[in-house]
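So for the sequence shown, full-length UniProt numbering puts the first residue at 1; every next one is plus one. Here a beta-carbon is modelled for each residue, glycine too, at the ideal position from N, C-alpha and C. Just so we're clear, the structure is a prediction, and the values are computed from it rather than from any experiment. Beneath this line is the structure, given in structure tokens, with notes to follow.
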Amino acid sequence: RELVVSSLCTQIFDLFSQVNLLNSKLIQSYNCVPTLEETVLGMGQAKQEQMVKDGRLVERSAVAAELTLLMEESMTSSNAKLSAKAKHKQIESELSDLSANLFSTVNEMVATEHQLRTSVEESLTLAKASNTFVEKRLRAARLQLGGTEREKEILCEQAGRTEKETEELCKAPRGVNSSNVMSQGTGGILRMMNSHAPYKNEYLGFLAHLRGMVTTTPNVPAVTSLLTLPFLVRLVVEDS
């Protein structure tokens, strides 16, 4: 029994010694922990400083400012993109409206050009018809001018003869028969007497009218415009 007790005491003593040893180790470990923590912190700080120097890490303030700048640029870019999309849609709408307006304008221009071409063709047709009519009128006027010139020459010849006959009648003596004078002056051809005052005045008025038209009218008048003169009216009545 004593042996057991002594053995147990020995074991207890050993256990106490082990406990003391463990306590001392624990104390040593507790003492080493702050040192290790300081070492770890120092190594971490040194590593961070080295990474900062190498550019692998940046400070929070610099990162915050850079992030703020990037966010502002991103917002500006997003707003510009939205504005560009809106402007693009507006430009597409304006281009669509412009295309529609241009198409409508082109159709109107084509219709107007067609109308103008039709009008020009009608005008050309009318002008050709008018030119043909004018050419016919010019030919008729030339023919009429030739006839009028011939009538004028004949009338001038008759006027010359009449003046000569009048002078011969004025120079003839009173006792001589006027018919004999006429037959002598004209070679035996009987001519109409012009001693009748109304007929003579009508004829002289006709000649004066012709002289006035020659000096005042550049174009040859129509014969129908002369038929209203008293001399020609009397001739027409007598011929009918």
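Query	Result
Grab the span of the alpha helix (DSSP H) containing E49 for me, first residue to last.	E2 to D54
Cβ of G212 within 8 Å of Cβ of F231?	no
Evaluate Y30 with the Cβ neighbour count: other Cβ atoms within 10 Å of its Cβ, from every protein chain shown; 16 or more gives buried, anything less gives exposed.	exposed
So which of N79, E157 and L102 has the shortest CA-CA distance to L207?	E157
In three-state DSSP terms, what is D239?	helix
Could you tell me the alpha carbon to alpha carbon distance between R137 and K128, rounded to whole angstroms?	14 Å
Between the C-alpha atoms of S130 and K200, what's the straight-line distance to the nearest angstrom?	45 Å
For G160 and E238, I'd like the C-alpha separation in whole angstroms.	23 Å
Under three-state DSSP, which class holds residue 270?	Any property of residue 270 remains undetermined from this structure, which presents the chain solely from 1 to 240.
Can you name, in chain order, every residue of its own chain whose Cβ lies under 7 Å from the Cβ of L229, other than the five neighbours on each side?	F206 and H209
Tell me, to the nearest whole angstrom, how far the beta carbon of Q48 is from that of L57; I am working on the premise that it is less than 8 Å.	6 Å
Compute the distance between the beta-carbons of residue 285 and V236, then report whether it is under 8 Å.	There is simply no residue 285 to check, as the chain begins at 1 and stops at 240 in what is shown.
Could you tell me if C9 is buried or exposed, where buried requires 16 or more neighbouring beta carbons within 10 angstroms of its beta carbon?	exposed
Alpha carbon to alpha carbon, how far is V52 from K89?	48 Å
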